[in-house]
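Each residue of the sequence shown is one higher than the one before, counting from 97 in my numbering. Don't be surprised by glycine CBs; every beta carbon is placed ideally from N, CA and C. These notes concern the structure reproduced below.
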Amino acid sequence: MFGSLTEFLASELPDPASCLAIRRPGMGALDFQAELARANIGFPIIFMTGYANIPMSARAMKAGAVDFLTKPFREQDMLDAVAIGIERDRIQREAMRRHPGYAPCLRL
Numbered sequence: 097m098f099g100s101l102t103e104f105l106a107s108e109l110p111d112p113a114s115c116l117a118i119r120r121p122g123m124g125a126l127d128f129q130a131e132l133a134r135a136n137i138g139f140p141i142i143f144m145t146g147y148a149n150i151p152m153s154a155r156a157m158k159a160g161a162v163d164f165l166t167k168p169f170r171e172q173d174m175l176d177a178v179a180i181g182i183e184r185d186r187i188q189r190e191a192m193r194r195h196p197g198y199a200p201c202l203r204l
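As structure tokens, this is what we get:
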């Protein structure tokens, strides 16, 4: 658990796929996604929310989110999004392993 974005960015990020839950005042999930992109941290993000609108989901998807699920959502939809995220991450890691200078193209 991290108390701030700075604390998160200063930590050693996990190699395997991970789940990131963001519930904090002051910085919304979309802002956090943008900060990760600026820090060149490009792991798959799946948004799950009960409070969404079309501009919010469009912004998340344009910035590279795997999916934007609104509650209530089907369990299978979440499992499908996780599978896609894991596959994207695998492909990106393989490209980085084969080409050490490779930097993923991040969409802001």
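Residue i burial status per 10 Å Cβ neighbour count (16 or more: buried)
i, result
"I91", "Because the chain is modelled from 97 through 204, residue 91 falls outside the range shown and cannot be assessed."
"Q129", "buried"
"G181", "buried"
"A191", "exposed"
"A106", "exposed"
The beta strand (DSSP E) enclosing residue i, as first and last residue numbers
i, result
"I142", "I142 to T145"
"F164", "D163 to T166"
For residue i, the first and last residue of its enclosing alpha helix (DSSP H)
i, result
"F128", "A125 to R134"
"G181", "E171 to R194"
Rounded Cβ spacing between residue i and residue j (contact assumed at less than 8 Å)
i, j, result
"A133", "A159", "7 Å"
From the options, residue whose alpha carbon lies closest to that of residue i
i, options, result
"A177", "F164, R193 and P168", "F164"
Alpha carbon of residue i to alpha carbon of residue j, nearest angstrom
i, j, result
"S153", "G99", "25 Å"
"T145", "M123", "15 Å"
"E183", "V162", "11 Å"
"I187", "F139", "11 Å"
"A135", "D185", "17 Å"
"R189", "A148", "31 Å"
"T102", "F169", "32 Å"
"P151", "D173", "21 Å"
"H195", "T166", "37 Å"
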